[in-house]
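Here's the structure we're looking at; comments come further down.
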């Protein structure tokens, strides 16, 4: 077993009790420690009671919706979040990402796909083993060891996915990084048809950089290819 | 003003009242002027002067005197001889002539030899003078010429006319605006509603009015809100159905996976996976078919068709590669700058379903072509494949939901749901377009979508 994924604590918030039980059986066989909660409120309570490595959140919850839970959690934590959405409701998916989810999976999903995505995200959120590395461009600075991003010396709150995307772009400023590569690096998975995840994450990242007062460097879209970070003059 | 009824009533009342009032006042004023003119005129004085002229110089002198008589305040003086002719040969109105004849008869009746016993009522004596030779000259003070004098002098008639035009014009304009403006706003809102903007409301613009239009505006808003709620409920229902149908499916897939870990891989598990995926795709297609035109949140927008087609080509190509679909490629032939009013997602799903259908029936290593072209103000999108085509009998029914041709039965294992082309047709109809399928002469099927251009661009 990959030591990076051993005994990871995962919180699953889904109102489907039977599905939750079966999923914890299935994923538990892979040394993933699943805690299941059936409402948004009890899920939030559980989340604040101890440390989780990953959150799996159904968007359709009775009472407090999955999106509301996500918004609440993002106020205090940048824990990786995978949203479970209904297939075909494009708007819900994108909104999930816009509010800071790292990835989404439409229901009903292939459980092995969920397993693969969990592992990809857990692997990515491990601290880099190559020692500390500082990447910087203009007034943006990334510390890949501590996962800390700053703009003009002040902290920038990024989700794991946004951090990885910014890191990819910072490694080769002024060069186009294609979307397939960005998806594999930041989400740990292949780009899929109709996959707007990278675009949505990039647009969130862009917004955060601008709000943090970064006016010089801009992330540009090269249509049909990918993205590039243009250094300021 | 409280009600439209009252507004109409008061407006017409006002117009009619003001004009009649003005005309009556003018008339009274005029009559008063005439009366005063006549009263002021001292007949006896002119009689004495006329008599003096007549006695000293006879008829000729009298005529001269009359000609020189000053026309004071519009009074016209007639002097009529026994033959009934005016001394100045002016035409005499019928009324004057009649009064003269009566007067003459009365004078003759005084002659005792010519008494008419039937004449009981003696007419009022008109002023007259008698010449030396016994000729009688009768005086008439006429008012018949006064109107012209007064009218002519003060332009009263023109003034009154302009006044009437002005008053009725102002009131009618106010009335017409009061009616036309809210009607136009209501109409704009109705058009917007019909175009799918279910948030269209009029309470802000005309709802504050306290007349019938205000009531109508509130009724309109109530109706629009109900429509919006119905559309939202339908969407909500679709989502719930989707959730309820997919939850067991999701559990089933996890159960299959758990069984797999216990029993090892079996061909039946793969079958279960395929069927679960197909069921899921079918649920998705049914939902998109039913909610195609019921998205309450978005009205039509300007859609660049080149974007739609290139997006579909990119996505379906991606699917081909991912599925390892024996080397079929999608080729897009684009013309840039064709924009129509519509729904990007709906059009995309139409073209996408047709393209996927074409890919499913394509022989290995062939190409599916999507050709965008401009037709007049609108556009055409043609999707062609090199597959076996469709029996001519089946062509008209190709777009019916769940219609199965021989070729789709054969291609079933590729995951067709039987709804793709039905969705395409509804999507195209939503855009007032047409969709036609035909077999190409060189083999294969062609599906042609024609879409009308933007209304506003046709108008300009």
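Chains as they are written, first to last, in this note's numbering: chain Y, 379 to 611; chain A, 64 to 523.
For each residue, glycine too, the CB sits at the ideal point set by N, CA and C.
Quantities reported herein were computed from a predicted structural model and do not represent experimental measurements.
Beta-carbon within less than 8 Å of residue i's beta-carbon, same chain only, minus the 5 sequence neighbours each way: which residues are those?
i: residue 378 (chain A); result: 415
i: residue 464 (chain Y); result: 437, 438, 470, 484 and 485
i: residue 175 (chain A); result: At residue 175 (chain A), the pLDDT of 49 sits below 50, so the modelled position is not reliable; the number obtained from the coordinates is stated separately. Cβ within range, chain order: n/a, list empty.
i: residue 559 (chain Y); result: 546 and 604
i: residue 443 (chain Y); result: 418 and 437
Residues in the same chain with beta-carbon distance under 6 Å from residue i, minus the five sequence neighbours each way, listed in chain order, please.
i: residue 497 (chain A); result: 513
i: residue 616 (chain Y); result: Absent from the structure is residue 616 (chain Y), since the part of chain Y shown begins at 379 and ends at 611.
i: residue 395 (chain A); result: 372, 373, 376 and 433
i: residue 203 (chain A); result: 141 and 159
i: residue 245 (chain A); result: 269 and 276
i: residue 613 (chain Y); result: Given that chain Y is displayed from residue 379 to residue 611, the structure contains no residue 613 (chain Y) and the question cannot be resolved.
What do you get for residue i, buried or exposed, if any count of 16 or more other CB atoms within 10 angstroms of its CB means buried?
i: residue 128 (chain A); result: buried
i: residue 251 (chain A); result: exposed
i: residue 133 (chain A); result: exposed
i: residue 465 (chain A); result: exposed
i: residue 448 (chain A); result: buried
i: residue 594 (chain Y); result: exposed
i: residue 572 (chain Y); result: exposed
i: residue 489 (chain Y); result: buried
i: residue 574 (chain Y); result: exposed
i: residue 427 (chain A); result: exposed
i: residue 500 (chain A); result: buried
i: residue 467 (chain A); result: exposed
i: residue 601 (chain Y); result: exposed
i: residue 387 (chain Y); result: exposed
i: residue 286 (chain A); result: exposed
Mind listing the chain Y neighbours of residue i? Cutoff is C-beta to C-beta under 8 Å, in chain order.
i: residue 382 (chain A); result: 571
i: residue 436 (chain A); result: Going along chain Y, no residue has its Cβ under 8 Å from residue 436 (chain A), so there is no contact; the nearest lies around 22 Å.
i: residue 339 (chain A); result: 486
Closer than 7 Å by beta-carbon distance: list the chain A residues that pair up with residue i, in chain order.
i: residue 407 (chain Y); result: 324
i: residue 438 (chain Y); result: 306
Check the Cβ of residue i against every Cβ in chain A and list those closer than 8 Å, keeping chain order.
i: residue 464 (chain Y); result: 302, 305, 306 and 309
Please list the partners that residue i has in chain A, where partner means a Cβ-to-Cβ separation under 9 Å.
i: residue 394 (chain Y); result: 310, 313 and 314
i: residue 397 (chain Y); result: 310, 313, 314 and 317
Identify the contact partners of residue i in chain Y, using a Cβ-Cβ distance below 9 Å as the criterion.
i: residue 389 (chain A); result: None at all; the shortest Cβ gap to chain Y is about 18 Å.
i: residue 321 (chain A); result: 400, 403, 404, 407 and 489
i: residue 385 (chain A); result: 568, 570 and 571
i: residue 495 (chain A); result: Result: empty, since nearest Cβ-Cβ is about 24 Å, beyond 9 Å.
Using a Cβ-Cβ cutoff of less than 7 Å, which residues in the same chain neighbour residue i once the five nearest sequence positions on both sides are dropped?
i: residue 493 (chain Y); result: 405 and 408
i: residue 502 (chain Y); result: 538, 542 and 566
i: residue 170 (chain A); result: 199
i: residue 551 (chain Y); result: 515, 607 and 609
i: residue 437 (chain A); result: 398 and 401
i: residue 440 (chain Y); result: 393 and 417
i: residue 241 (chain A); result: 70
i: residue 488 (chain A); result: 462 and 498
i: residue 443 (chain A); result: 436, 511, 512 and 513
i: residue 555 (chain Y); result: 546, 547, 604, 605 and 606
i: residue 528 (chain Y); result: 519 and 534
i: residue 584 (chain Y); result: 597
i: residue 339 (chain A); result: 312, 315 and 316
i: residue 323 (chain A); result: 332
Could you tell me how far apart the beta carbons of residue i and residue j are, in whole angstroms, since I believe they sit closer than 8 Å?
i: residue 447 (chain Y); j: residue 418 (chain Y); result: 4 Å
i: residue 446 (chain A); j: residue 421 (chain A); result: 5 Å
i: residue 431 (chain A); j: residue 491 (chain A); result: The pair is not a contact, with the Cβ atoms about 18 Å apart (cut-off 8 Å).
i: residue 411 (chain A); j: residue 479 (chain A); result: Not a contact, Cβ separation roughly 19 Å.
Cβ closer than 7 Å: which chain B residues qualify as neighbours of residue i?
i: residue 390 (chain Y); result: Note that chain B does not occur in the displayed structure, where the protein chains are Y and A.
Return yes when the C-beta of residue i is under 6 Å from any heavy atom of the ligand MG, and no when it is not.
i: residue 140 (chain A); result: Of ligands this structure carries none, so the ligand MG is not represented either.
Kindly list, in the order they appear in chain Y, the residues whose Cβ is closer than 7 Å to that of residue i.
i: residue 378 (chain A); result: 571 and 572
Exercise. Do the segment 394-406 of chain Y and the segment 304-314 of chain A meet, that is, are 3 or more Cβ pairs less than 8 Å apart?
Worked result: Segment contact: the segment 394-406 of chain Y against the segment 304-314 of chain A, three or more CB-CB distances shorter than 8 Å; contact assigned.
For this session: Report yes or no: do three or more beta-carbon pairs, one from the segment 328-337 of chain A and one from the segment 282-293 of chain A, lie closer than 8 Å?
Result: In this structure the segment 328-337 of chain A does not touch the segment 282-293 of chain A; the number of beta carbon pairs closer than 8 Å is below three.
For this session: Decide if the segment 361-370 of chain A is in contact with the segment 452-459 of chain A; the criterion is three or more beta carbon pairs, one per stretch, under 8 Å apart.
Result: When Cβ pairs closer than 8 Å are counted between the two stretches, the segment 361-370 of chain A is seen not to touch the segment 452-459 of chain A, the count staying below three.
For this session: Determine, using beta-carbon pairs with one atom in the segment 342-356 of chain A and one in the segment 427-434 of chain Y, whether at least three such pairs fall under 8 Å.
Result: Remark: fewer than three beta-carbon pairs, one from each stretch, lie closer than 8 Å, so the segment 342-356 of chain A and the segment 427-434 of chain Y are not flagged as touching.
Exercise. Would the segment 188-201 of chain A and the segment 163-170 of chain A be scored as touching if the rule is three or more Cβ pairs under 8 Å?
Worked result: Taking 8 Å as the limit for Cβ pairs, the verdict is that the segment 163-170 of chain A does touch the segment 188-201 of chain A.
Exercise. Are the segment 582-590 of chain Y and the segment 69-88 of chain A touching by the rule of at least three beta carbon pairs closer than 8 Å?
Worked result: Touching, no, given that fewer than three Cβ pairs across the two stretches are closer than 8 Å.
Exercise. Is the segment 66-81 of chain A in contact with the segment 226-240 of chain A, if contact means three or more CB pairs nearer than 8 Å?
Worked result: The segment 66-81 of chain A vs the segment 226-240 of chain A: in contact.
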